[in-house]
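Engineer: Below is one structure. I have some questions about it.
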Amino acid sequence: MKLELHWKIFIGLIVGFLFGFFLPEHVSYIAWMGDLFLKALKMIIVPLLLTSIISGIMNIGNPEGLGRMGIRTITYYISTSLLAIVTGLFLVNMIRPGVGADLKFSQTVEGLAVATESFGSTLINIIPENIVRAMVNGEMISIIFISILSGLFATKLDEKYKNVIQNGIQAGFELTMKVTQWVIGFTHWGVMAIIAVVVSKTVQEGSITDLFQRLGLYMITVIAALAIHAFITLPLLLKFIARVRPIRHFHAMSTPLLTAFSTASSSATLPLSMEAMEHNAGVSNKVTSFVLPMGSTINMDGTALYECVAAMFIAQAYGIELTIAQQVIVVFTSLLASIGAAGIPMAGLVMMSVVLTAVGLPLEGVGLILAVDRILDMFRTSVNVWSDCCGAVVIARSEKEKLPKLE
């Protein structure tokens, strides 16, 4: 009997964890597999974004249809991110993991102030000075902007030119998906190596027991809030708004979700998410090619939740009681930061610094949580990808698509 890919990936996760934990000094022998896998995924992203978005917009066929879908997509993104943040805020106020935290274990964070200055220019940088440079540098928001613009104006060309472009773009998309399916076949090997590297670094940096004693309650708070959002809030949206079975959709998305967990990268997981949405869930390319690329860049439920919890933890650790008004500011800055930080170097730290600065908390507080940031990044990225995939189903249903595979 042939083992399904998601089971291979799960086994790869377990083997990678055991390898990294018991043989941390030998991880270098397999680390190259993870590097190659990530490079292969990132190689696909730009052609996939360009061809899928342009193809999707041309399939929609008119600006009115695109505008309708765009408004629904943005509404979903903002709503689910706010629900995630409020969940995190409730739990962190109830558990209060920062009370009594040891400030001596704060780590130095370099380059935070410099990175923060670039946050305000994010909107301006959506329009690239050089299209080729934007593609080479992997500037996701700029690439999405170029793709949407190209797709919109391609629909206004004469029919003979439009058909040529549409056929060429569709052929490019199909070719990219063939390459994607080939890369997906090696996912379990890449996941095994990536997890082994992460675990070995954690083991070599010091006592894991000591780490969990100092930050265990904080980690539990973040993971519990993420779990509530992923396994209660989003499934309820699938059940009552999209009218599909959440369990079936979760099973259909198992490969991209496990990959997101191991790579901690929404962008790197995008090719797998698109492939799974179309082939496993049955969502049309028209919806998938518009909703998922946008979501991988600006819809970050897990990250927004994490920023809110981390800011509250830092405030509690320093003995600072935030007022209701300040907590509302934390909620909205977490939302805005999660949307606006895409493409900025040190994005996670930039997002955190924006939230902390908004309520007058010390930037040095970021050093308190750096030790477990990579571990929690795996969980929040999985939630980011899961929210994108749920969003695609919700939007597909709003566009009157039938999804028999999920019913």
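If you use my numbering, the sequence shown corresponds to residues -5 to 401, in order. No residue lacks a Cβ here, since even glycine has one placed at the ideal position from N, Cα and C.
Helix, strand or coil for M294? Go by DSSP, reduced to three states.
Structural biologist: Per DSSP, reduced to three states, the secondary structure at M294 is coil, with no helix or strand assignment.
Engineer: With a 10 Å radius around its C-beta and 16 neighbouring C-beta atoms as the bar for buried, classify V348 as buried or exposed.
Structural biologist: buried
Engineer: Would you report the Cα separation of T351 and G179, rounded to the nearest angstrom?
Structural biologist: 44 Å
Engineer: Return the chain-ordered list of same chain residues with a C-beta closer than 8 Å to the C-beta of V325, the five sequence neighbours on each side being excluded.
Structural biologist: L76, I79, V80, L83 and C302
Engineer: Under 7 Å Cβ to Cβ from A390, same chain only, skipping five residues before and after it: list those, please.
Structural biologist: V277, S278, V281 and L397
Engineer: From this set, G354, N293, G145 and A386, which residue's C-alpha is nearest S332's C-alpha?
Structural biologist: Taking each of G354, N293, G145 and A386 in turn and checking the Cα distance to S332, the smallest one comes out for N293.
Engineer: Compare the beta carbon distance of V379 and S260 with 8 Å and say whether it is the shorter of the two.
Structural biologist: yes
Engineer: If the criterion is Cβ atoms closer than 8 Å, does the pair A309 and G6 meet it?
Structural biologist: no
Engineer: By Cβ distance, which residues of its chain are closer than 7 Å to A219, with the 5 residues on each side in sequence left out?
Structural biologist: T81, G82, L85, L299 and V303
Engineer: Hey, how far is the Cα of T196 from the Cα of S328?
Structural biologist: 28 Å
Engineer: Any contact of the region 217 to 237 with the region 366 to 376, i.e. 3+ C-beta pairs under 8 Å?
Structural biologist: At 8 Å Cβ cutoff, the stretches touch.
Engineer: Rounding to the nearest angstrom, what Cα-Cα distance links M247 and I39 in this structure?
Structural biologist: 19 Å
Engineer: Return the chain-ordered list of same chain residues with a C-beta closer than 7 Å to the C-beta of S167, the five sequence neighbours on each side being excluded.
Structural biologist: Reading off the sequence, residue 167 comes out as Phe, not Ser. The beta carbon of F167 sits closer than 7 Å to the beta carbons of T45, S46 and S49 from its chain, once the five residues preceding and following it are set aside; these are given in chain order.
Engineer: Is it buried or exposed, D152, if we count other Cβ atoms within 10 angstroms and call 16 or more buried?
Structural biologist: exposed
Engineer: Nearest-angstrom Cα distance between V108 and H273?
Structural biologist: Residue placement at V108 cannot be trusted, given a pLDDT of 45 that sits under 50; what the coordinates show is reported in the next sentence. If I take the Cα positions, the gap works out to 43 Å.
Engineer: Hey, T69 and T181: beta-carbon distance below 8 Å or not?
Structural biologist: No, the Cβ-Cβ distance between T69 and T181 is not below 8 Å.
Engineer: Can you find the residues in the same chain that come closer than 7 Å, C-beta to C-beta, to T320, ignoring five residues on each side of it along the sequence?
Structural biologist: At residue 320 the sequence reads Gln, which differs from the Thr that was named. These residues qualify, in order along the chain: V353.
Engineer: Taking C-beta to C-beta, are A190 and V21 nearer than 8 Å?
Structural biologist: yes
Engineer: With DSSP collapsed to three states, give me the class of A258.
Structural biologist: coil
Engineer: Classify R239 as helix, strand or coil using the three-state DSSP reduction.
Structural biologist: coil
Engineer: Would the region 142 to 158 count as touching the region 53 to 72 if we require 3 or more Cβ pairs under 8 Å?
Structural biologist: The region 142 to 158 makes contact with the region 53 to 72: 3 or more CB pairs, one atom from each, lie closer than 8 Å.
Engineer: Which residues in the same chain as I142 place their Cβ atom closer than 7 Å to its Cβ, once the five residues preceding and following it in sequence are excluded?
Structural biologist: I47 and I51
Engineer: If you drop the 5 nearest sequence neighbours on each side, which residues of the same chain put their C-beta closer than 7 Å to that of I323?
Structural biologist: The answer, listed in chain order, is A352 and V353.
Engineer: Could you tell me the boundaries of the alpha helix (DSSP H) in which A165 lies?
Structural biologist: Boundaries of the alpha helix (DSSP H) harbouring A165: E153 to I178, taken from the DSSP string.
Engineer: Cβ of G313 within 8 Å of Cβ of G385?
Structural biologist: no
Engineer: Is DSSP giving L30 helix, strand or coil here?
Structural biologist: helix
Engineer: What first and last residue would you give for the alpha helix (DSSP H) that runs through I477?
Structural biologist: The requested residue 477 is not part of the displayed model; the chain covers only -5 to 401.
Engineer: Is the beta carbon of S256 sitting closer than 8 Å to the one on D382?
Structural biologist: no
Engineer: Between P287 and chain D, is there a C-beta pair that is closer than 8 Å?
Structural biologist: Among the chains in the structure shown there is no chain D, since it carries only a single protein chain.
Engineer: Given that a residue counts as buried once 16 or more other Cβ atoms are within 10 Å of its Cβ, and exposed if not, what is I8?
Structural biologist: exposed
Engineer: Which term fits G28, buried or exposed, when burial requires 16 or more other beta carbons within 10 angstroms of its beta carbon?
Structural biologist: By the 10 Å Cβ count, G28 comes out buried.
Engineer: On the three-state DSSP scale, how would you describe K2?
Structural biologist: Assigned with DSSP and collapsed to three states, K2 falls in helix.
Engineer: Taking the continuous alpha helix (DSSP H) assigned at T375, which residues delimit it?
Structural biologist: D367 to S392
Engineer: For F307, which residues of its own chain have a beta-carbon under 8 Å away from its beta-carbon, when the five flanking residues on both sides are left out?
Structural biologist: V86, P91, G92, A95, Y212, T215, L362 and I363
Engineer: Drop a sphere of 10 angstroms on the beta-carbon of E269, count the other beta-carbons inside from all chains shown, and report buried for 16 or more, exposed for fewer.
Structural biologist: buried
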